[in-house]
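These notes are about the structure you will find just below.
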Amino acid sequence: MILFLRRRFAFFFFTYLLSSLMIFFLLRVLPGDPARVIAGGREATAEQVEQIRAELGLDAPLPQQYLGWLGDFARGDWGASIAFRGADNRALISERSINSGRLALVALLLSVPLSLTLGVVAGLSENKLPDVIISLLTLSVVSLPEFVTGLFLINIVALGWAGNPLAEALGWWFPASSAVPANASFGEMLPALWLPAFAATLVLLAYISRLTRAGVIEELKRDYVRAAALKGIAWRTVVLRHVLRNALLPTVTVIAISISWLVSGLVVIEFVFGFPGLGSLLIIAIERRDLPLVQAIVMVTVSLILLANLAADYAYAALNPRIKL
Amino acid sequence: MMWRRGGDSPAQSSLRCTHIDSVNAVAKPYIVSESNISRNLAGTRRFLRALFSRSQSTLGAALVAFFFFLALFGGQLAPYPKANDQSHDARVSPTLDIGSLQLGAHPFGTDRLGRDVYSRVILGASSIFRTAGLGTAISVVLGSALGMAMGYRGGWLDELLGRVIDALLALPALLLALVMVGIIRNLDLAINSWQAALADEVTLLVIAILYIPVVARVARSAALDIKTREFVAAAEIRGESSAYIIFREILPSAIPALVVEASLRFSYAIFLVASLGFLGFGAPPPSPDWGLMVNENRGGFYRLTPWALEFPALAIALLVIGVNLMSDGIRRAVQKGGA
């Protein structure tokens with residue numbers, strides 16, 4: 000178990016190092032000359048470029064620049080935004096990440112129980128009607144791009160719901176996510192979270208439910224299941240006590256991996272819904288060529304994903320007595 | 000398997016266990032001869048029969064074939080073959096012509112600029128197929144060469160590259176894609192003309208770069224398995240070069256795994272092209288890109304011309320579902336022991 004954890008930590012460390020190297024070198028070195036970009040592109044004079052280069056410390060050797068940048072990031076000094084006229088990058092990012100975190104939380108709370116149930120039902124009825132229906136459903140709904148389902152939810156569900164007399168009588172409606180102030184409290188934000196969270200749920204649904212289904216099917220074929228059934232133990236007890244306990248163990252890891260999927264999905268979903276989260280901030284940063292902000296957002300996102308993966312490995316090791324290598 | 004994973008598709012993680020089986024099932028190409036070729040033909044026929052025996056796979060293949068046909072002959076089929084033809088004067092209000100006097104003139108209506116949506120949807124097929132197809136092709140060719148070389152040669156370089164690939168796959172694809180787009184978009188501020196040319200093919204480049212490591216990992220694991228067989232040892236004793244062994248001995252046996260991977264990558268590439276187009280990082284505005292058309296016609300314009308959003312969105316949905324069903328079918332057919 001110690002060996003397993005050590006190996007996982009080494010992987011975490013290596014991946015983190017590599018990602019930070021990539022983010023630094025790709026974004027700071029490759030795009031021609033950041034000093035020129037900041038000075039205003041082709042029109043900038045050589046002196047202006049030189050001055051900005053000295054101000055930003057871009058005349059130092061690259062390894063030194065990298066270490067300096069990494070140190071600044073670790074200390075929380077993420078620089079000032081170009082796109083948002085000198086706003087502090089850290090303040091921008093922390094506000095937006097809280098919002099994205101809320102959206103992700105609601106999405107996970109909706110999708111995990113739903114997809115586990117669907118996966119278990121499908122796995123228990125392999126190749127029978129419920130399984131076929133569930134796999135067709137997950138395959139077709141989930142293969143749609145997030146922006147198609149997102150626009151459907153906005154234009155058909157939310158707008159259709161708004162004009163509906165029943166909805167008006169009940170006082171239920173879906174407020175526009177784009178109208179939510181970025182610093183709203185969770186309670187204020189919640190009504191605007193349902194639709195984007197549902198769109199994100201669809202992203203995760205197929206992923207988690209298919210892996211759960213595969214786990215259940217694999218576990219049902221084990222010898223101990225047949226032995227238990229032959230012993231005359233009720234099938235319900237076999238499934239609930241033995242099969243699910245073993246089949247659901249890997250879902251801890253699956254959910255952690257799906258966070259990396261969720262991130263991709265959330266970028267598009269936040270953009271479609273105009274939700275003030277980290278993903279829509281990233282799009283704005285790229286559109287306005289704000290490379291320091293892009294760097295900081297990507298570093299934060301990568302840190303969160305890798306930490307989630309590491310935490311899942313540790314949880315898996317703690318829950319699974321077989322990992323005692 | 001638990002500790003060699005990355006942010007990858009659900010189908011793939013189940014694939015990883017089955018690759019080996021499908022590779023093992025392949026007839027050993029001990030001698031490259033006519034009988035071997037006929038065996039390959041028989042395998043292909045068996046594979047196609049397995050593919051079309053499922054109605055879902057057939058439906059998927061039919062949808063893909065339909066859009067591929069549009070991509071090839073869109074220029075001849077579209078009533079307004081120039082994507083930005085404005086059939087109406089821009090001042091004329093946009094209309095959906097079904098049921099009106101002009102029935103058939105604009106079956107999908109016109110957008111707010113008076114452009115024929117039907118023509119633009121047809122013309123858009125070629126760009127999505129070209130970008131996703133070429134990007135996938137480049138990544139499959141380069142990725143499988145790299146992966147097979149890594150798997151066959153082994154050593155510290157394989158070890159290092161393998162770690163790098165694992166690390167890359169732990170990160171979300173769209174995030175990497177957006178970072179690359181961010182870089183490439185800044186290139187047009189740079190002075191070199193080749194950098195500006197690069198910026199025109201952002202999406203194609205992103206797909207190729209993004210999927211090379213993914214394909215390489217699959218090719219590597221296939222090569223690791225195949226290189227233990229007798230025919231590889233025989234070739235080594237004959238004194239064949241590494242390149243010969245990789246491309247003439249290992250590659251033929253790795254093809255089933257690579258076909259499955261290529262079809263999976265293509266379905267993800269279509270998805271990614273549409274998403275990047277929608278986010279505004281694909282083809283520049285006047286072009287008939289489906290994702291871009293959806294983006295241009297959402298918001299306030301949706302009430303005015305809903306059809307200008309609905310038809311490209313429908314095209315994306317049908318193509319993505321078709322490609323998914325087809326790649327799922329290919330995976331199942333290969334697992335059955337075809338090809």
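These protein sequence lines map, in sequence, to chains E and G.
Residue numbers for the first sequence, in numbering that gives the first Met the number 0: 0 to 324.
Residue numbers for the second sequence, in numbering that gives the first Met the number 0: 0 to 338.
Yeah, the Cβ is synthetic: ideal placement off N, Cα and C, and Gly gets one too.
In the displayed model, D110(G) falls within coil according to three-state DSSP, outside both helix and strand.
Beyond the five residues adjoining it in sequence on each side, A181(E) comes within less than 8 Å, by CB distance, of E94, R95, N98 and P275 in the same chain, given in chain order.
When the beta-carbon positions are compared, V319(G) and F270(G) come within less than 8 Å of each other.
Runs of the alpha helix (DSSP H) lying entirely within the segment 220–250 of chain E and spanning at least 4 residues, in chain order: 222–229 and 243–246. In the three-state scheme derived from DSSP, where H, G and I count as helix and E and B as strand, A79(E) is classed as strand. Put simply, the CB of Y301(G) is near chain E, with a gap under 8 Å to one of its CB atoms. Where P291(E) is concerned, the enclosing alpha helix (DSSP H) starts and stops at L290 to L318. The beta carbon of S241(G) is closer than 7 Å to those of Y151 and R152 in its chain, skipping five residues each way along the sequence. Your pair T300(E) and L174(G) checks out as a contact, with CB atoms roughly 6 Å apart and the cut at 8 Å.
A straight-line Cα-Cα distance of about 10 Å links T109(G) and S118(G). Interface annotation, P284(G): not in contact with chain E, CB-CB separation never under 8 Å. Using a CB distance cut-off of 8 Å, P255(G) does not count as an interface residue toward chain E. DSSP, read as helix, strand or coil, puts D165(G) in helix. Residues of chain E with a Cβ closer than 7 Å to the Cβ of I315(G) are, in chain order, P144 and V147. Within the model, the alpha-carbon separation for V258(G) versus I137(G) is close to 14 Å. Under the three-state reduction of DSSP output, D224(G) falls in the helix class. The Cβ atoms of V251(E) and Y315(E) sit closer than 8 Å to each other. When C-beta atoms of the segment 141–161 of chain G are compared with those of the segment 295–306 of chain G, fewer than three pairs fall below 8 Å, so the two segments do not count as touching. The DSSP-derived three-state label of D130(E) is helix. Taking the beta carbon of T14(E) as reference, the chain G residues within 7 Å of it are A166 and A169, listed in sequence order.
Among the bridge pairs identified by DSSP, D115(G) is matched with T109(G). Within chain G, the residues whose beta carbon sits less than 7 Å from that of T300(E) are L174, listed in sequence order. At least one C-beta of chain E is nearer than 8 Å to the C-beta of I182(G). In this chain, R53(G) is not harboured by any alpha helix (DSSP H), its DSSP state being neither H nor E.
Taking 4 residues as the minimum length, the alpha helix (DSSP H) runs contained wholly in the segment 209–281 of chain G are 229–237 and 250–278, in order along the chain. The segment 135–149 of chain E makes contact with the segment 258–271 of chain E, as at least three CB pairs between them are under 8 Å. Taking CB atoms only, R162(G) has a neighbour in chain E less than 8 Å away. F128(G) is positioned such that its CB atom lies no closer than 8 Å to that of V120(G). The CB of R53(G) never comes closer than 8 Å to any CB in chain E; the least such distance is about 12 Å. Secondary structure at D288(G): coil, using DSSP grouped into helix, strand and coil. A direct Cα-Cα distance of roughly 13 Å separates A234(G) from I225(G).
The beta carbon of L261(E) sits closer than 8 Å to those of A103, A106, L107, A199, V202 and L203, all from its chain and outside the five residues before and after it, given in chain order. Here F23(E) is not near L109(E), since their CB atoms are 8 Å or more apart.
In this structure I236(G) is exposed. Its beta-carbon is surrounded by fewer than 16 other beta-carbon atoms within 10 angstroms.
Taking C-beta atoms under 8 Å as the contact rule, V178(G) and V297(E) qualify, at a distance of about 6 Å.
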